[in-house]
Structures are given as C-alpha cells and as structure tokens.
Amino acid sequence: MNLSELVNSLEGVFGSRIHTKTEFRGETSYTIAANDLREIARFCRDELSFDYLIDVTSIDNFGEVPRFEIVYHLYSMPHAVHLRLKLKVPEEVGAMDTVSDIWPTTNWHEREIYDMMGIKFNGHPDLRRILMWDGYPFFPLRKDFPLEGLPSEMPDVAFTKVTPLEGGPFVTVPSNATSKDREPRARSPEL
Amino acid sequence: MPEERATAYDSKIEGNVIFTRFDAALNWVRKNSLWPMPMGLACCAIELMAAAASRFDIARFGAEVMRFSPRQCDVMIVAGTVTYKMALAVKRIYEQMPEPKWVIAMGACASTGGMYRSYAVLQGIDQLLPVDVYVSGCPPRPEALLAGLMKLQEKISREQSFRNQKPELAEKLEEALA
Numbered sequence: 490m491n492l493s494e495l496v497n498s499l500e501g502v503f504g505s506r507i508h509t510k511t512e513f514r515g516e517t518s519y520t521i522a523a524n525d526l527r528e529i530a531r532f533c534r535d536e537l538s539f540d541y542l543i544d545v546t547s548i549d550n551f552g553e554v555p556r557f558e559i560v561y562h563l564y565s566m567p568h569a570v571h572l573r574l575k576l577k578v579p580e581e582v583g584a585m586d587t588v589s590d591i592w593p594t595t596n597w598h599e600r601e602i603y604d605m606m607g608i609k610f611n612g613h614p615d616l617r618r619i620l621m622w623d624g625y626p627f628f629p630l631r632k633d634f635p636l637e638g639l640p641s642e643m644p645d646v647a648f649t650k651v652t653p654l655e656g657g658p659f660v661t662v663p664s665n666a667t668s669k670d671r672e673p674r675a676r677s678p679e680l
Numbered sequence: 213m214p215e216e217r218a219t220a221y222d223s224k225i226e227g228n229v230i231f232t233r234f235d236a237a238l239n240w241v242r243k244n245s246l247w248p249m250p251m252g253l254a255c256c257a258i259e260l261m262a263a264a265a266s267r268f269d270i271a272r273f274g275a276e277v278m279r280f281s282p283r284q285c286d287v288m289i290v291a292g293t294v295t296y297k298m299a300l301a302v303k304r305i306y307e308q309m310p311e312p313k314w315v316i317a318m319g320a321c322a323s324t325g326g327m328y329r330s331y332a333v334l335q336g337i338d339q340l341l342p343v344d345v346y347v348s349g350c351p352p353r354p355e356a357l358l359a360g361l362m363k364l365q366e367k368i369s370r371e372q373s374f375r376n377q378k379p380e381l382a383e384k385l386e387e388a389l390a
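Protein chains in written order, with my numbering: chain A, 490 to 680; chain B, 213 to 390.
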C-alpha cells in the first residue's frame, strides 16, 4: 500500500474527527483532538501498520490559546511512508493520555516532554524527569523560561545560580544583513 | 642539608642509607603513583584516553592506573561538561574517594562551564569540589593534561603531608622537641 491508500483508509474510519489535513512534499499531517489520539494511534499501528514511532515533539505557542502542541511522527516499516499526528493541549489542562502502551518507545519521549515542557501524560508508567534532576521546579523549554535559568536548590549538594551570559544569548536574527550583523557577539537590548 | 632538597646522600660515609624528611619521602611516594579517577563526561574524555594510550603514555608519570572505583583513586580528572544532574554524581563519587585526594579540572567546561552558558550546566566544577589544577583547552591536548599532572606533582611535593594527616601527633612531636 502507498500513502494515499493508507490515508484513505484512515479518513474512511475517522473522517469526521480529523480537524485539518496538511500535505507537504508527499507527507501527510493530521490535526486531531487530544481525546481521539489513543483510538487513532491504535488504528494506525494495528490496521495501517505504522509500527515505528520516530519521535514525539512538543511546541510552546506562547501567547496563543491553546498554548501547547504535540506532534507524533509515525513511520510504517512495511510501506515506507511517514504520517504526522498533531494535537493541541491547553495550558489549563496541561495533560493528555499516554501512548506508551501502544508504542513502548514513547515512554522516554513523554518523559522528556514532561521534563522540558511540563505536560503530564495520564497513564504513563513512570513519569519522572529524564534530563533535569528530580526536584527541579521549572520547565526549561517553555518560552517564558530564560536561557540563563532561574535560581533553584539542589538538595544536599548546592545552589544553582543564574548563568552569566555576558551579552548573550547569541541568537541569529532573520534578515538580509551580513552574517556579522545577524550573529553579533553581543546585542544591544533594542535590537 | 639545604631546605629545598628532598634527600641528601653521601656515598663515602652512608653506604645504603639515605637521609630525608618524612614529608619529602611521603610526598615522593604519593606524587609518583597518582591513581586517577577518570570522570569522563564529554569530548575531553577522548583526549584523556589518548593521554593514557601509547603515544603520550601517562604511565611515564605514574598515573596509568585508571580506577573505575573511586575507593582506589587519588586524583579525580573531571574531563568534560558537568551538567547539574551529573554534578550530583560527581560530588558523590568525589566524596567516596579516600584521603588524600586531588582534583584536576580538565578543559574549559569543567573549569568554567565553557561554551555552555545554559540553565543545565554547572559553571565550573570548582563550585562543588576543591580543584587543584585547571587545564585550559577545548579539549586540551594530551600534552596539556600531562603538564597539568606535573603541576599537580609539584604541588604535592610541597605539601605538609604529615601535619595534614595527623595534626594532633604533629603538635605533640613539636611540643616534645621544643
């Protein structure tokens, strides 16, 4: 089966519950409701042979409502096609269902999203932080978290200070200027 | 005997006897048999391995016995980026090392946080451990690490080992001699 046959089969079953469909360079993305994820995910794995979950990523659309977005990147080994499932998570909910029982690889991906973005996963078998230490109070990949960090306690070890940035962060600005101006070593605040 | 000399030996009168200070003998023993704890955390660890391999051969300085148990180590070589999460483990391993112990901060990251100006990275291992020698570089070449090791050996040879280890006994001895 090729992608269009798989996509038709998915739309035949869940057509009314798919919010938007995007096609770009031969790959298809669906926006769905968070409540439908488990059902659609199980269908994708069992009926459409999307047996490989490549990655789960999260986006912080800071200032928008709903704030968070989660993207599931699926791949079918037998048919060699990609599929993307996107869904929105409002900040006040801040939680959604796990799919770690459907694709076990999601276990660590969901832990990473919880650690970096602070979105909880209901039914996850072991939802601990994976990169920061246990007891860290912040979620560093949120847009309102400063790169230099915030002061926090490390129990029994030390006190973590704010990192000295010396004029940074040195983030490239999109423009037609020369690379020297686009990537300065230090930037005045008004730029 | 001049103060700066560690040993004095006169073959005509002494035969097989060497006079030395107790500290000098102890330091000489210690500095030529520094067993490293390879705390390899990033690319500096590759250079640390190169320093231990045949071309650079850290064995020439008596430090070839890399122990992966902190209980058998003398010097911790912190080679690489220390994240806050790893800092918990680094500190714990340091505390498990028996006295006397020393620390070499190898490379920019271990010394200052290096290029990682970020919420996740400890800005220098000296915020947690007493560092004896800093080695610059990103990563430092093996020669630089060996130079750092020789600096540490010089530092050890100047230590008052006996007084540091047995302060009460040293005081009693001084009272008795005075």
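All C-beta atoms, glycine included, are put in the ideal place defined by N, C-alpha and C.
Stretch-stretch touch, CB-based, cutoff 8 Å, three pairs: the stretch 286-295 of chain B with the stretch 309-318 of chain B: Three or more Cβ pairs drawn from the stretch 286-295 of chain B and the stretch 309-318 of chain B lie within less than 8 Å of each other, which places the two stretches in contact.
Check whether the stretch 350-364 of chain B and the stretch 254-263 of chain B are in contact - that is, three or more C-beta pairs closer than 8 Å. yes
Listing by chain order, which chain B residues have their CB less than 8 Å from the CB of A:Met585? By Cβ distance, chain B contributes nothing, its closest Cβ being about 25 Å from A:Met585, past 8 Å.
Which runs of the beta strand (DSSP E), 3 residues or longer, sit entirely within the stretch 506-534 of chain A? 507-513, 516-521
How should A:Asn524 be labelled, buried or exposed, when 16 other C-beta atoms within 10 angstroms of its C-beta is the threshold for buried? By the Cβ-count criterion, A:Asn524 is exposed, with fewer than 16 other Cβ atoms from all chains shown falling within 10 Å of its own Cβ.
Does DSSP classify B:Lys313 as helix, strand or coil? coil
Going by CA-CA distance only, name the one from A:Thr595, A:Val502, A:Ala522, A:Phe610 that's closest to A:Pro555. A:Ala522
So with Cβ pairs under 7 Å, would you call A:Leu654 a contact of chain B? It does; some Cβ of chain B falls within 7 Å.
Compute the beta-carbon to beta-carbon distance between B:Leu300 and A:Val646, rounded to the nearest angstrom, for a pair I have assumed lies under 8 Å. 6 Å
Would B:Ala329 pass as an interface residue toward chain A - the criterion being a Cβ-Cβ separation below 7 Å? The amino acid at residue 329 of chain B is misidentified as Ala; the sequence shows Arg. By this cut-off, B:Arg329 is an interface position.
Is B:Ala271 helix, strand or coil when you go by DSSP? Helix.
In chain order, what residues of the same chain have a beta carbon less than 6 Å from the beta carbon of B:Ser348, not counting five sequence neighbours either side? none
Between the stretch 608-628 of chain A and the stretch 582-597 of chain A, do three or more beta carbon pairs fall short of 8 Å? yes
Endpoints, beta strand (DSSP E) assigned at B:Gly252: 248-252
Just list the residues that DSSP pairs A:Asp586 with in beta bridges. A:Asn611
If I measure Cβ to Cβ from B:Ile368 and keep anything under 6 Å in the same chain, skipping five residues before and after, which residues do I get? Asn239, Arg242, Lys243
Would the C-beta of A:Thr667 count as close to the ligand GTP, meaning under 6 Å from any of its heavy atoms? This structure does not include the ligand GTP; it has no bound ligands of any sort.
By the three-class DSSP mapping on this structure, what secondary structure does A:Leu616 have? It is coil, neither helix nor strand.
Helix, strand or coil at B:Ala332 [DSSP, three-state]: coil
Taking the C-alpha atoms as reference points, what is the distance between A:Arg631 and A:Tyr603? 11 Å
Closer than 7 Å to chain A by CB, B:Gln377: no
Cutoff 7 Å; reference A:Pro567; Cβ partners in own chain excluding five residues on either side: Ser538
Any residues in the stretch 294-313 of chain B with a beta carbon nearer than 7 Å to a beta carbon of chain A? Which ones, in chain order? Tyr296, Lys297, Ala299, Leu300, Lys303
Does the CB of A:Thr511 have a neighbour CB from chain B at under 7 Å? False, the Cβ-Cβ gap to chain B never drops below 7 Å.
Leaving out five residues on either side along the sequence, give the residues of the same chain with a beta carbon under 6 Å from the beta carbon of A:Leu680. Here A:Leu680 scores only 46 on pLDDT, less than 50, and its place in the model should not be relied on; the value that follows carries that caveat. Cβ neighbours of A:Leu680 beyond the five flanking positions: none.
Do A:Gly624 and A:Pro593 have their C-beta atoms within less than 7 Å of each other? no
Mind checking whether B:Phe374 and B:Phe234 have CB atoms under 7 Å apart? yes
Taking 8 Å as the limit between beta carbons, can you name the residues of its chain near A:Thr595, skipping five residues before and five after? Leu542, Val545, Thr587, Val588, Ser589
Can you give me the Cβ contacts of B:Gly252 inside the same chain, cut-off strictly under 7 Å, excluding the 5 residues immediately before and after it? Leu260, Ala291, Gly292
Is there a C-beta anywhere in chain A that falls below 7 Å from the one on B:Leu341? No, B:Leu341 lies away from the interface with chain A (no Cβ there is under 7 Å from its Cβ).
On the three-state DSSP scale, how would you describe A:Phe557? strand
Pick out whichever of B:Leu246, B:Val277, B:Gln335 has its Cα sitting closest to the Cα of A:Thr649. B:Gln335
Run the CB neighbour count on B:Lys303, radius 10 Å, all protein chains shown included, and call it buried at 16 or more, exposed below. buried
Answer yes or no: does any C-beta atom of chain A fall closer than 7 Å to that of B:Ala254? no
Considering only their Cβ atoms, is the gap separating A:His571 from A:Tyr564 smaller than 7 Å? yes
Range of the contiguous alpha helix (DSSP H) that encloses A:His598: 595-606
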